[in-house]
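Residue numbers (the working numbering): -5 to 351.
Using N, Cα and C, we set each Cβ at its ideal position, and we do this for glycine too.
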Ligand SMILES: Cc1ncc(COP(=O)(O)O)c(C=O)c1O
C-alpha cells in the first residue's frame, strides 16, 4: 500500500500476528474459554448504574475522569495524581510507548507474553529485544542483565499466557538498573501474590497497568488504568485524547468499585475452579503450568495433537480455547484455557476425555 508511512510499512513487515483473535466474531452459541473474560460478567449494581446513566449519553463525559481516578486511587492505595485512566489498558500501553520511546529505543519483551506490548513498541518506532527463558521459565539474573541494555521492559504479573509471576526481588533488581519497568497487572485480582501498585510511590521508573476488563467483568466497555509517578501521569494526561474514557465506562467502573463483595465472590469462584480444572487436566495426562490468573496454559502433545489440532477438535464440539501457536515464544503445542463457569469447565473436561480415548 503506497500511501502508508515508512513506520507503518515496517510494522506490517515485522510479522507481528493479526491482533484480533477470530473468536471475538464467532462466539454465539459457543462456550468461549479463549478470551480471559470473567464468566460472570459485571456486578448487578453496574448494570443498574448503566441503565440509569443511559439518558445522559448525549453529553460528553468528564474529560479528566476525576471521580473515577479518585475511586481507583482509593482502591489501590494511591492518590488521584498517580492514576491515569484509559480506553482499556491497551490504550495506555500505546500512549506510554509514544510518551517514552524515541525511534530506535530498545524494549525488552520476555516471551511468551501479551501480544500488544510488541505492537505498542513497534508503532512508536521502538525495537523489541525478545527474551525466551528455558522451558517457559524466566531467569531473573538474565532479565536484570538484559535490563541494562534497554530503555523499557514489559512484564506481565501474572503473565499472559503462562499465568506465572516473577518474584518481587526480581522486579526490584530490574528497577535498580534504572530502566523503565512496566508491570502489567491485568489479572492481579486473581493472584495470591498481591499488587506492586504501592511501589509506584518514590520509584520514578515503575509503571503499573491494571484493567476493569478481567475480574470486574467490564471488557466490553474498555476501561483500564495506569499507576505511575505524578510527573509521568500529568505528561501523559496532556498527550492522550481529550475524552478517552466514555461516559458509560466511567459510570460502570465507579459502580464496579463500589461492589467489593461481588468482586470477592467472583475471584473466589474463579480461583476454586482454576485449581479444580487444573487438577482434572493433569489427571487427563496434560502438562499444565501453575497459574495465578484466570486461565491455564496447557501442553497438547500428550493428546497426540498440535495446539491448532486440539482447538479445531474442540471448536467442532462447541468450545473455543486459544491456540498459542501464533504467540511468539510459545511453540506449536500450547493452548490457553480461560477458567469458565463450573458447567463450562465440565463440558471441556468431558470433551477432552472423549478426545483422549
Ligand atoms: C496481560 C494483558 N494486559 C492487558 C490486556 C488488555 O486489557 P484491556 O481490556 O484493559 O485493554 C489483556 C487482555 O487480554 C491482557 O491479557
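Element boundaries [alpha helix (DSSP H), containing residue i]
i, result
"residue 108", "Residue 108 -> no alpha helix (DSSP H), and no H or E assigned at all."
"residue 265", "254 to 277"
"residue 289", "Looking at the DSSP string, residue 289 is not in any alpha helix (DSSP H); the run it does join, the beta strand (DSSP E), is 289 to 293."
"residue 316", "Premise fails: residue 316 lies in the beta strand (DSSP E), 313 to 317, not in any alpha helix (DSSP H)."
"residue -5", "Here residue -5 belongs to no alpha helix (DSSP H), and DSSP marks it neither H nor E."
"residue 339", "336 to 350"
"residue 169", "162 to 170"
Contact test: residue i Cβ vs ligand 1 heavy atom, cutoff 6 Å
i, result
"residue 154", "yes"
Residues that DSSP places opposite residue i in a beta bridge
i, result
"residue 150", "178"
"residue 205", "218"
"residue 282", "292"
"residue 200", "175"
"residue 25", "313"
Helix, strand or coil at residue i [DSSP, three-state]
i, result
"residue 77", "strand"
"residue 236", "coil"
"residue 88", "helix"
"residue 42", "helix"
"residue 30", "coil"
"residue 328", "strand"
"residue 66", "helix"
"residue 131", "strand"
"residue 7", "helix"
"residue 100", "strand"
"residue 72", "coil"
"residue 194", "helix"
"residue 333", "coil"
"residue 35", "coil"
"residue 118", "coil"
"residue 210", "coil"
"residue 228", "helix"
"residue 53", "coil"
"residue 188", "coil"
"residue 141", "helix"
"residue 298", "coil"
"residue 59", "coil"
"residue 82", "helix"
"residue 95", "coil"
"residue 241", "helix"
"residue 322", "coil"
First and last residue of the uninterrupted beta strand (DSSP E) at residue i
i, result
"residue 122", "121 to 126"
"residue 302", "Careful: residue 302 lies outside any beta strand (DSSP E), inside the alpha helix (DSSP H) at 301 to 310."
"residue 218", "218 to 221"
### Task
May I have all residues whose beta carbon comes closer than 6 Å to any heavy atom of ligand 1, sorted in chain order?
30, 82, 83, 84, 108, 150, 154, 178, 180, 205, 207, 213, 218
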